[in-house]
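Colleague:
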Amino acid sequence: MSDELVVSQCAPTLAGLKTANMFSAEYESREEVTAELRRLNAVLVPRGLRIVPMRFMQSRVLLYLYRPEALRRDLADSAAQDILRECGYGKCSRAESCLSCLIGRLRNNADFPHEVGLFLGYPPEDVRGFIENQASGFKLIGCWKVYGDVDAARKKFESFESCTLRSRGKALDEIIQ
Numbered sequence: 009m010s011d012e013l014v015v016s017q018c019a020p021t022l023a024g025l026k027t028a029n030m031f032s033a034e035y036e037s038r039e040e041v042t043a044e045l046r047r048l049n050a051v052l053v054p055r056g057l058r059i060v061p062m063r064f065m066q067s068r069v070l071l072y073l074y075r076p077e078a079l080r081r082d083l084a085d086s087a088a089q090d091i092l093r094e095c096g097y098g099k100c101s102r103a104e105s106c107l108s109c110l111i112g113r114l115r116n117n118a119d120f121p122h123e124v125g126l127f128l129g130y131p132p133e134d135v136r137g138f139i140e141n142q143a144s145g146f147k148l149i150g151c152w153k154v155y156g157d158v159d160a161a162r163k164k165f166e167s168f169e170s171c172t173l174r175s176r177g178k179a180l181d182e183i184i185q
């Protein structure tokens with residue numbers, strides 16, 4: 009996968025505006041994916057970022073680029089902890105163990121787990137609203153479906169879009185904050 013793909017799909021996370029992004033990329037072999045992720049993590053990890061494979065499908069891999077410190081903060085939120093517990097995460101006291109649990113759920117189930125929004129930095133009230141309303145009855149749709157604070161979400165959506173537009177054509181190193 010190219011740096012351009014990572015920039016185009018993950019600019020808000022690279023720039024420090026968002027906890028994480030999830031995207032898929034084509035691949036020819038798992039060895040190719042492993043080598044690419046090693047190369048990317050050599051650049052990302054020293055800058056407070058990490059990229060991991062979530063699920064392999066035919067010729068595509070689902071990737072998760074995230075800021076571990078932001079993920080720890082987001083998942084420590086009591087509302088997020090309640091949702092995770094209700095979704096079967098049990099004694100998931102560390103962000104890394106929660107992420108491992110999510111990876112297992114993605115790999116073992118055909119359905120996409122709705123709590124994934126917590127791992128992408130979405131507000132817990134919006135994740136809960138999505139789950140409880142079965143993705144309907146939202147107030148606004150952008151990067152996610154909003155059930156709570158529309159004004160705050162709109163501002164975030166605008167900052168993410170602006171960041172993505174400003175990042176076009178830039179190198180990975182130019183964007184990382």
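For the sequence shown, the numbering used here assigns the number 9 to the initial residue and increments by one for each residue that follows.
Ideal Cβ placement from N, Cα and C applies to all residues, glycine included.
Just so you know, these numbers come straight off a predicted model, no measurement behind them.
1. Which runs of the alpha helix (DSSP H) spanning at least 4 residues fall entirely within the stretch 107–152, listed in chain order?
2. Under a three-way DSSP split, which group does E36 fall into?
3. Among E34, Q17, T172, which has the Cα closest to the Cα of M9?
4. Do you know how far the Cα of E40 is from the Cα of L107?
5. Can you list, in chain order, the residues of its chain whose CB lies under 8 Å from that of R68, leaving out five sequence neighbours each side?
6. Starting from the Cα of R58, find the closest Cα among S86, A28, R81, A87 and give me that residue.
7. Report the residue from T172, D11, K99 whose alpha carbon sits nearest the alpha carbon of L48.
8. Could you check which residue in S101, G96, Q66, L70 has the C-alpha nearest to that of L79?
9. In this structure, what does DSSP give as the bridge partners for L73?
10. Would you identify the three-state DSSP class for R68, choosing helix, strand or coil?
11. Write down the C-beta distance between P132 and A87 rounded to the nearest angstrom, noting that I regard them as a contact closer than 8 Å.
12. Would Y134 be called buried (16 or more neighbouring beta carbons within 10 Å of its own) or exposed?
Modeller: To lay it out plainly:
1. 124–127, 132–140
2. coil
3. E34
4. 23 Å
5. S32, A33, E34, Y35
6. A28
7. D11
8. S101
9. Looking at the DSSP output, L73 shares a beta bridge with N29, I59.
10. strand
11. 4 Å
12. Correcting the residue type first, residue 134 is Asp in the shown sequence and not Tyr. The residue in question, D134, is buried, as its Cβ has 16 or more Cβ neighbours within 10 Å.
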